[in-house]
Amino acid sequence: MFHRPPLARALCMTATLTILAACNTSELDWDLRSRPGALNTSEAARAATAPRPRPDDRGVISYPNYQVAVARQGDTVASLSGRLGLDPVQVASYNALAPQNPLRAGEVVALPQRVAAAPAMAPAPVMAAPVATASPSSVDVTAIATTALDRAGSGAPVPAAAPASSAAPAPVAATPRTADEPVRHRVVRGETAYSIARSYNVSAKALADWNGLGADLGVREGQYLIIPTAAAAPPAPAPAPNVTPVTVPGVGSPTPTPPSAAKPLPAESTTPASKPANQPASPDLGAQRTSASASRLGFPVQGKIIRGYVKKKNDGIDISAAVGTPVAAAADGTVAAITQDTDQVPILVIRHPDNLLTVYANIDGIKVAKGATVKRGQQIAVVRAADPPFVHFEVRKGFESVDPMPYLQ
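Quick note, in this note's numbering, the sequence shown goes up one by one and the last residue is 415.
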């Protein structure tokens, strides 16, 4: 199993920067409702995902083209395979695991071949059972910030199953995928839960809930993921009543020309002030700049870059630094936002002229407040304890991330 470096902060950054890109001042409305022209969350609500289907008594969820099993508390690949009568080596190989690997409760395991349907349960004789309802998921505010490819109707191809053993039943011919059958995605090297969620236009939380991912949202090469399906569309709102507009007196009337605009302003002549004879010439500061002072942005910390910028995979750079090292503002600006990622690690955003934003993550001990004016090189936080410790630094032009290196060199 392999994991990308922890990037749980990335989704919170995306949400924060989306809101910042929609506002022209540092007074932000995080509720997204009270500011004129603010972001509208109705589209995100309409794109909400449905809850994962309930498995049968053995933990199996069946679709026309494939089946998956939901692990129970204490399960391993071998115990789950034994419960379903499958070869544990084959199941492990199909899921890029080993037979003795432990499984999380709720983790989804792809089945290399179909198993028989679970026997139907006898109905209760008299007493009516209470109707079970799925517990509502907490609202994922990051869904409003997810921008992704429109995959409506495209459907990723279903990966072929691993070859079955001689004792396995013959494979069933694939049937056309129905609207309620989720797309099945196989993880390739370099992908993360966030990049996969963005490519299918779903939230990373929904992807984690459907597949039983861990708290770090880690995925492994060769793992099968089922992509959440959309929830049922809400009913269309009732049309507004046909109301005759009220005519306001004066509306539509031509505005008279002010009397003062009929006459031109008197001509004025000004004489520039004379320069004193003994005043020295102004120094040419531009010719005295060093390469460090000429760069538009300064490094938040001095250290080795351990992870470079990759568009849509790592939207910034990771700079190695010792725990407690002061983190400096890259340029003059205003603190536009102070928020947290899903692991409650602080994220700080500074707004600069020309619609430029800098983002600082994996930090702690923030020294400034939202709305504060900061100078280039001013300490804003310290490096947080991690293994290894580093600062994640991003440069955004509006909402889009850009490579920070041209700004730092």
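Cβ coordinates follow ideal geometry from the N, Cα and C atoms, glycine included.
Small disclaimer: the values here were computed from a predicted structure and weren't measured.
Would you call residue i buried or exposed, if buried means 16 or more other Cβ atoms sit within 10 Å of its Cβ?
{"i": "Ser144", "result": "Legend: pLDDT at Ser144 = 36, less than 50; position of this residue unreliable, value from coordinates given subsequently. Exposed, by the Cβ-count rule."}
{"i": "Asp146", "result": "Caution applies to Asp146, whose pLDDT of 36 falls short of 50 and renders its modelled position unreliable; the value that the coordinates give is listed next. The residue in question, Asp146, is buried, as its Cβ has 16 or more Cβ neighbours within 10 Å."}
{"i": "Thr331", "result": "buried"}
{"i": "Gly91", "result": "exposed"}
{"i": "Val368", "result": "Residue identity differs from the one stated: residue 368 is Asn in this sequence, not Val. With 16 or more other Cβ atoms within 10 Å, it is buried."}
{"i": "Val208", "result": "buried"}
{"i": "Gln119", "result": "buried"}
{"i": "Pro234", "result": "buried"}
{"i": "Pro410", "result": "buried"}
{"i": "Lys211", "result": "buried"}
{"i": "Val316", "result": "exposed"}
Ends of the beta strand (DSSP E) at residue i?
{"i": "Ser326", "result": "323-326"}
{"i": "Leu303", "result": "Segment: none, Leu303 is in no beta strand (DSSP E) and carries neither H nor E."}
{"i": "Ile202", "result": "Careful: Ile202 lies outside any beta strand (DSSP E), inside the alpha helix (DSSP H) at 199-205."}
{"i": "Leu362", "result": "362-367"}
{"i": "Pro332", "result": "332-334"}
{"i": "Gln385", "result": "385-389"}
{"i": "Arg195", "result": "Segment: none, Arg195 is in no beta strand (DSSP E) and carries neither H nor E."}
{"i": "Leu231", "result": "230-232"}
{"i": "Leu354", "result": "352-358"}
{"i": "Ile311", "result": "311-313"}
{"i": "Glu406", "result": "406-408"}
{"i": "Arg402", "result": "396-403"}
If you draw a straight line from the alpha carbon of residue i to that of residue j, how long is it in whole angstroms?
{"i": "Asp324", "j": "Phe305", "result": "11 Å"}
{"i": "Arg382", "j": "Ala111", "result": "49 Å"}
{"i": "Val388", "j": "Val374", "result": "12 Å"}
{"i": "His398", "j": "Asn361", "result": "20 Å"}
{"i": "Ile311", "j": "Tyr413", "result": "15 Å"}
{"i": "Gly404", "j": "Gly339", "result": "15 Å"}
{"i": "Ala84", "j": "Val95", "result": "8 Å"}
{"i": "Gly88", "j": "Val97", "result": "10 Å"}
{"i": "Val351", "j": "Pro395", "result": "13 Å"}
{"i": "Asp349", "j": "Asp393", "result": "15 Å"}
{"i": "Arg313", "j": "Glu113", "result": "30 Å"}
{"i": "His191", "j": "Leu213", "result": "11 Å"}
{"i": "Val380", "j": "Asn320", "result": "26 Å"}
{"i": "Ala342", "j": "Arg402", "result": "13 Å"}
{"i": "Ala3", "j": "Arg302", "result": "This structure cannot speak to residue 3, because the chain is shown only from 7 to 415."}
{"i": "Val76", "j": "Leu219", "result": "12 Å"}
{"i": "Ala327", "j": "Val193", "result": "32 Å"}
{"i": "Glu187", "j": "Gln384", "result": "54 Å"}
{"i": "Val121", "j": "Tyr69", "result": "12 Å"}
{"i": "Gly65", "j": "Leu86", "result": "9 Å"}
{"i": "His358", "j": "Asp93", "result": "59 Å"}
{"i": "Lys376", "j": "Asp370", "result": "15 Å"}
{"i": "Glu400", "j": "Ala378", "result": "20 Å"}
{"i": "Tyr366", "j": "Pro61", "result": "42 Å"}
{"i": "Ile353", "j": "Ala221", "result": "19 Å"}
{"i": "Tyr100", "j": "Lys318", "result": "28 Å"}
{"i": "Val137", "j": "Val189", "result": "Only weak support exists for where Val137 lies, its pLDDT of 35 falling under 50; the coordinates are left without a value."}
{"i": "Val333", "j": "Leu223", "result": "27 Å"}
{"i": "Val74", "j": "Asp347", "result": "31 Å"}
{"i": "Asn107", "j": "Gln415", "result": "47 Å"}
Given a cut-off of 9 Å on the beta-carbon distance, is the pair residue i and residue j in contact?
{"i": "Leu109", "j": "Asp81", "result": "yes"}
{"i": "Tyr72", "j": "Ala116", "result": "yes"}
{"i": "Trp216", "j": "Ile232", "result": "yes"}
{"i": "Thr345", "j": "Ile356", "result": "no"}
{"i": "Ala335", "j": "Ile372", "result": "no"}
{"i": "Arg78", "j": "Ile67", "result": "no"}
{"i": "Gly322", "j": "Ser205", "result": "no"}
{"i": "Thr55", "j": "Ala337", "result": "no"}
{"i": "Ala391", "j": "Val329", "result": "yes"}
First and last residue of the alpha helix (DSSP H) that includes residue i?
{"i": "Gly339", "result": "Here Gly339 belongs to no alpha helix (DSSP H); instead the beta strand (DSSP E) covers 339-346."}
{"i": "Pro94", "result": "94-100"}
{"i": "Tyr69", "result": "From DSSP, Tyr69 is part of no alpha helix (DSSP H); its letter is neither H nor E."}
{"i": "Ala214", "result": "210-217"}
{"i": "Arg89", "result": "83-90"}
{"i": "Tyr413", "result": "411-414"}
Would a check of beta-carbon distances place residue i closer than 9 Å to chain B?
{"i": "Glu227", "result": "Judged by its chain identifiers, the structure shown contains no chain B, having just a single protein chain."}
Would you say the beta carbon of residue i comes nearer than 8 Å to a heavy atom of the ligand FMN?
{"i": "Val189", "result": "This structure does not include the ligand FMN; it has no bound ligands of any sort."}
*Per the contact definition of three or more C-beta pairs closer than 8 Å, is the segment 184-198 in contact with the segment 220-237?*
yes
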